[in-house]
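Colleague:
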Amino acid sequence: MKTIINGVKISLRAEWFDKDLLDFLREDLDLTGAKRGCGIGVCGTCVILINELPVQACKKTVADIVDMTVLTIEGMSNKDDPLHPLQQAFIDAGAIQCGFCTPGMVLTAHAFLLKNNCPSREEIRKAIKGNLCRCTGYQQIVDAIEEAARHYRK
Amino acid sequence: MSNYDSIDHVIGASLFLDDLPEPVNCLHAAICPSPVAHGKLKKINIDKALGIKGVITILTADSIPGENQIGTIIQDEPLLADKEVDFIGQPVALVVAGTARQADKAVKLIELEIEELPPVFDPRQAAANGDFIAPSRTLALGDIDKAWEKCATVVEGRTETGGQEHLYLEPQGSMAMPDERGGIMLYSSTQSPTAVQRVTSRVLGIAMHLVQVEVKRLGGGFGGKEDQATVYAVLAALAALHTSTSTKLILNRQQDMQYTGKRHPYSSDFKIGLDENGKILAYEVTYFQNAGAAADLSTAVLERSLYHATNAYYIPNVRITGHCCKTNNVPNTAFRGFGAPQALFVIESAIAKAAGMMKLPAWRIQEKNLLKEYDTFPYGARARQCHAKRAFSEILHSQKWEVTQKDIFNFNKNNSLIKKGAALMPICFGISFTTGFLNQAGALIHIYSDGSISVSTGAVEMGQGVNTKIIAIVAHTLGVNTDIITVQPTATRTVANTSPTAASAAADLNGMAAKLAADTLRLRLMDTAASRLGEHVSGISINNGKILLKGQPTELDWHALISDAYLSRINLSAQAHYATPDIYFDKNIEKGQPFAYYVYGTASIQVSVDILRGIVTIDAVNILHDAGRSLNQDIDRGQALGAIMQGIGWLTMEELVYNKEGRLLTDSLTTYKVPDIHSMPSEFNVSFMEDTDNPHAVLQSKGIGEPPFLYGTAAYFAIMNALIAARPDKPMFFNAPLTHEKILHFLTCE
Ligand code: FES
Ligand code: FES
Chain A
0 MKTIINGVKI SLRAEWFDKD LLDFLREDLD LTGAKRGCGI GVCGTCVILI
50 NELPVQACKK TVADIVDMTV LTIEGMSNKD DPLHPLQQAF IDAGAIQCGF
100 CTPGMVLTAH AFLLKNNCPS REEIRKAIKG NLCRCTGYQQ IVDAIEEAAR
150 HYRK
Chain B
0 MSNYDSIDHV IGASLFLDDL PEPVNCLHAA ICPSPVAHGK LKKINIDKAL
50 GIKGVITILT ADSIPGENQI GTIIQDEPLL ADKEVDFIGQ PVALVVAGTA
100 RQADKAVKLI ELEIEELPPV FDPRQAAANG DFIAPSRTLA LGDIDKAWEK
150 CATVVEGRTE TGGQEHLYLE PQGSMAMPDE RGGIMLYSST QSPTAVQRVT
200 SRVLGIAMHL VQVEVKRLGG GFGGKEDQAT VYAVLAALAA LHTSTSTKLI
250 LNRQQDMQYT GKRHPYSSDF KIGLDENGKI LAYEVTYFQN AGAAADLSTA
300 VLERSLYHAT NAYYIPNVRI TGHCCKTNNV PNTAFRGFGA PQALFVIESA
350 IAKAAGMMKL PAWRIQEKNL LKEYDTFPYG ARARQCHAKR AFSEILHSQK
400 WEVTQKDIFN FNKNNSLIKK GAALMPICFG ISFTTGFLNQ AGALIHIYSD
450 GSISVSTGAV EMGQGVNTKI IAIVAHTLGV NTDIITVQPT ATRTVANTSP
500 TAASAAADLN GMAAKLAADT LRLRLMDTAA SRLGEHVSGI SINNGKILLK
550 GQPTELDWHA LISDAYLSRI NLSAQAHYAT PDIYFDKNIE KGQPFAYYVY
600 GTASIQVSVD ILRGIVTIDA VNILHDAGRS LNQDIDRGQA LGAIMQGIGW
650 LTMEELVYNK EGRLLTDSLT TYKVPDIHSM PSEFNVSFME DTDNPHAVLQ
700 SKGIGEPPFL YGTAAYFAIM NALIAARPDK PMFFNAPLTH EKILHFLTCE
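So the protein lines, in turn, are chains A and B.
Residues in the first sequence are numbered from 0 upward in steps of one, following numbering that gives the first Met the number 0.
Residues in the second sequence are numbered from 0 upward in steps of one, following numbering that gives the first Met the number 0.
Shown next, in the form of structure tokens:
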């Protein structure tokens, strides 16, 4: 049994299946980009993509990623590559303050833009309704997603 | 320059406390909290809990080698309850185990024998019982008793503002590692590394130099980690000391919401008197602050309420009284605005109520009473570089306010299902810690032989962009590009005796210290360049990494100069200290000049209320704000937008609900509602006055963190105006937060 995480194939052992997926990512794989803001599926800081769909890792177990393709924030770009245009847009728009919500916010937006690359501001708002940010007041986050959309049209 | 940390944030590479690699065999601690709000602690039975697999030890008050005391301003709070419990969630014991799960499991098996005592949750009740944290204070100006006779209108009333959960997205936490010579190395998610160091030293009974505290960054603070991070750090340190093993203590969200203090709820009485033209002649106010069961920062918070009682207005006759009331709630604490928002709500309620009586729009009264240059505050200081009137009139103008008012009136006349409302909010916020000695900071700069620069200060980065500002200040002062500068984690070993990152003053104080250190280095380097070039130092300057002689490039660049300085044995490190000048306060007469300067501005907020469903939409928020010569407009705008949303949240939706035993019922994100994306106004603009100088802070800038929070107050009054348009038969009420339930109740009940 295996899974692909950020492009890397990982074999999974059955005894891991019950483990909280967020703990598995953070503790066993050292992928600490996904954060535990609430642990009950309401803040969005732990969002990752499973088969391109945004999922709250704190609500899943390792069993949920068997034979799936997982993307965490660490996989959106790597240190030597230029930033993904969406990541660049977050920086440019000032959509980041403390940064704790940022990985989940970026991945949620990424999944959304993959499906809808010409969104209205209203649609953007709906897309990130499950992600809280206590710092920014959201305006710059919506700006960033709106700006990044054109890169998904290419 | 965008936020210094943002690249690491956006790729998931930035490390928060819970992301730090754990040392091998790291233990995990969990708190056993008091289940009752008040009682005598008779017995703690840990036998069953000790039987849980993985449990290493269970610590209680008896395990503390030093003093069982974590209070900072007033020493009235034990780390672990001893003989008495005073609030629900108070730490009684600490379980240390191999995993967090084992520790949590063991906590449930600890048996507490508590003889319950009657609790008090109402600050007015506490005041009636004489239960105060500290003596009450009164500030006065003019002769208020005589002034009432001259007033054409006198209005009295009562206001309530609720608490507020900080909800920084990163919960509280700490990791402690035993160090050599019996010391402790602490990583803490704190705004106050020195407070953590000092209290850890006191509790463990070891000298401060044996306690090292380091903070990389916080996932939000907002005041909630100014004093309240300390307890978790000290508990982790205590566990590490007892087990000689690294120990981590991280709260989950529910624990964080249950155990930690909030913004102080206030219950207040006001009396306001005006002449027939709407000029305020007299204002009397009494604040009953719910401090909770221990002082924490309550007296300082109340002090700021006293100073900001009259907001941005000049009132010639004033009496302001504040009671710091001791209750059996969790000790309440700092939260963005620090007592000023509570005070502002009362004066604005008084104005709104008076306006209703006088059949005048409230904004006319606001406008008539704004501070002007040299007006006196009730504590004797005078308004300087005062932009209150200017901000207000520019907003009136840019928002075509009178036209908007007419449009809203007409809209409301023609629509029965939706009512609109609007309000203006001028603000005035004093910058400096009101606790005078805290207005100091230190910085340490090293230039390495390759020319790269490392800066350490006492400021903690928590998303407010202080590190980005400090880099800009150092780059500007040394004449180099920002990309060769790194800011180090905040650490007590590099910069000592730091003040909390708070009071909107972190960039002012630490930025100034960094500038002074950079100035020292610049002078040394200019001397080096002068002797190398064989010229007089007066002709030398450094700009953009180039060494200039009388403005012309020379053969020297930054790297060559640094290498030269190093080989010439020039000291390439500098430390500096800054203390805000000219601030003082005499508590005996309650007069002084507690602030270095003031921040002004005005907000206009427009809302629509769906009358059948009671649903509020914030249509437009427009702000004109005085940020001095902003060090970074993008960062300052971000701070302003975020603060305004928190302010709107506090007064319109964030409601803490307790049962009658004092247990918080809204202790999760599903029950405690904070602004989400739906709360974002569709029109949301913050503009800065472009030409305001500020000689009292670094590079003419101004503090930005807290003042914009006050603008959110306009949302309450805008909604209230819409409600009155729907129910002109009913009086306004001043009981925040103005939740959906309260709105529906107002609209539907007789
Ligand atoms: S931690 Fe998963 S949604 Fe909050
Ligand atoms: S940037 Fe701090 S929570 Fe969003």
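Note that the Cβ used here is the ideal one computed from N, Cα and C, for glycine as well.
Measuring only the C-alpha atoms, how far is Val61(A) from Ile3(A)?
Modeller: Approximately 12 Å, taken between the alpha carbons.
Colleague: Are Val35(B) and Ile113(B) close, meaning C-beta to C-beta below 8 Å?
Modeller: It is a contact, given that the beta carbons lie within the stated cut-off.
Colleague: Kindly examine ligand 1 and report whether one of its heavy atoms sits closer than 7 Å to the Cβ of Gly218(A).
Modeller: Any property of residue 218(A) remains undetermined from this structure, which presents chain A solely from 0 to 153.
Colleague: Determine the direct distance from the alpha carbon of Ala440(B) to that of His576(B), and round the result to whole angstroms.
Modeller: Roughly 6 Å between the two C-alpha positions.
Colleague: Quick check on DSSP: helix, strand or coil for Phe344(B)?
Modeller: It is helical.
Colleague: The alpha helix (DSSP H) spanning His739(B) covers which residue range?
Modeller: Unbroken alpha helix (DSSP H) run through His739(B): 739 to 747.
Colleague: Can the beta-carbon of Val69(A) be found closer than 8 Å to that of Gln55(A)?
Modeller: For Val69(A) and Gln55(A), no; Cβs fall outside 8 Å.
Colleague: Please state whether the Cβ-Cβ distance between Gln227(B) and Gly260(B) is less than 8 Å.
Modeller: Against a cut-off of 8 Å, the Cβ pair of Gly260(B) and Gln227(B) comes out as a contact.
Colleague: So does Cys42(A) have its beta carbon nearer than 7 Å to some heavy atom of ligand 1?
Modeller: Yes, since a heavy atom of ligand 1 falls inside the 7 Å radius drawn around the Cβ of Cys42(A).
Colleague: I need the DSSP call for Ala619(B), collapsed to helix, strand or coil.
Modeller: It is a strand residue.
Colleague: Strictly under 8 Å for the Cβ-Cβ distance: is Glu689(B) near chain A by that measure?
Modeller: By this cut-off, Glu689(B) is not an interface position.
Colleague: Can you give me the C-alpha to C-alpha distance between Leu305(B) and Ala342(B), rounded to a whole angstrom?
Modeller: The straight-line gap from Cα to Cα measures roughly 7 Å.
Colleague: Check whether the Cβ of Cys132(A) sits closer than 7 Å to any heavy atom of ligand 1, and report yes or no.
Modeller: Cys132(A): no, Cβ never under 7 Å from ligand 1.
Colleague: Just the chain A side, please: which residues come within less than 8 Å of Thr669(B) by C-beta, in chain order?
Modeller: Going along chain A in sequence order, the residues near Thr669(B) (Cβ under 8 Å) are Ile39, Val41.
Colleague: Checking contacts by CB at 8 Å: is Val169(B) closer than that to chain A?
Modeller: Note on identity: in this sequence residue 169(B) is Glu, with Val being the wrong assignment. By this cut-off, Glu169(B) is an interface position.
Colleague: Closest Cβ-Cβ distance between Ser1(B) and chain A: below 8 Å?
Modeller: With 8 Å as the cut-off, Ser1(B) counts as an interface residue toward chain A.
Colleague: Against chain A, does His739(B) count as a neighbour if the rule is that its beta carbon must be under 8 Å from one of theirs?
Modeller: Not an interface residue.
Colleague: So, does the CB of Arg252(B) fall closer than 8 Å to a CB anywhere in chain E?
Modeller: In summary, chain E is missing from the structure at hand, where the protein chains are A and B.
Colleague: How long is the line joining the alpha carbons of Ala126(A) and Gln632(B), rounded to whole angstroms?
Modeller: Computed Cα separation, rounded: 28 Å.
Colleague: Rounded to whole angstroms, what is the Cα-Cα separation between Asp18(B) and Thr31(A)?
Modeller: Taking the straight line joining both Cα atoms gives about 6 Å.
Colleague: Using a Cβ cut-off of 8 Å (strictly closer), state whether Val106(B) contacts chain A.
Modeller: Not closer than 8 Å to any Cβ of chain A, the Cβ of Val106(B) fails to qualify, so no.
Colleague: Is the shortest distance between the beta-carbon of Asp226(B) and the beta-carbons of chain A less than 8 Å?
Modeller: Not an interface residue.
Colleague: In whole angstroms, what separates the C-alpha of Val459(B) from that of Val198(B)?
Modeller: Those two C-alpha atoms are separated by around 18 Å.
Colleague: What residue range does the beta strand (DSSP E) around Ala442(B) cover?
Modeller: Unbroken beta strand (DSSP E) run through Ala442(B): 439 to 446.
Colleague: Which word fits Leu93(B), buried or exposed, when buried means at least 16 other C-beta atoms lie within 10 angstroms of its C-beta?
Modeller: Its Cβ being crowded by 16 or more others within 10 Å, Leu93(B) is buried.
Colleague: Report the option in Phe269(B), Glu213(B), Thr59(B), Arg157(B) whose CA atom is closest to the CA atom of Gly172(B).
Modeller: The shortest Cα separation from Gly172(B) among Phe269(B), Glu213(B), Thr59(B), Arg157(B) belongs to Glu213(B).
Colleague: Which same chain residues end up closer than 7 Å to Ala239(B) when comparing Cβ atoms and leaving out the 5 residues on each side of it in sequence?
Modeller: Correct list, in chain order: Ala175, Met176, Pro177, Ile183, Ser245, Thr246.
Colleague: Return no unless some Cβ of chain B is closer than 8 Å to the Cβ of Glu51(A).
Modeller: By this cut-off, Glu51(A) is not an interface position.
Colleague: For the candidate residues Thr56(B), Ile132(B), Asn496(B), whose alpha-carbon lies nearest to that of Thr98(B)?
Modeller: Of Thr56(B), Ile132(B), Asn496(B), the residue nearest in Cα terms is Thr56(B).
Colleague: What are the residues of the stretch 205 to 219 of chain B that lie near chain A, defined by any Cβ-Cβ distance shorter than 9 Å?
Modeller: So the list reads Arg216, Leu217, Gly218, Gly219, given in the order they occur along the chain.
Colleague: Considering Asp635(B), what are the terminal residues of the alpha helix (DSSP H) in which it resides?
Modeller: First-last of the alpha helix (DSSP H) with Asp635(B): 632 to 651.
Colleague: With which residues is Thr71(A) paired in a DSSP beta bridge?
Modeller: Answer is none; Thr71(A) lacks a bridge partner.
Colleague: I need the boundaries of the beta strand (DSSP E) containing Arg100(B), first residue and last residue.
Modeller: It is not in any beta strand (DSSP E) - Arg100(B) instead sits in the alpha helix (DSSP H) that spans 99 to 108.
Colleague: Is the stretch 42 to 58 of chain B touching the stretch 77 to 97 of chain B in the sense that three or more CB pairs, one from each, lie closer than 8 Å?
Modeller: Result yes; three or more Cβ-Cβ pairs closer than 8 Å.
Colleague: If you measure from the beta carbon of Val673(B) to each beta carbon in chain A, is any gap under 8 Å?
Modeller: At least one chain A Cβ lies under 8 Å of Val673(B).
Colleague: So which residues on chain B does Glu73(A) lean against when the C-beta distance must stay under 8 Å?
Modeller: Within 8 Å Cβ-Cβ: Ile10, Gly11, Ala12.
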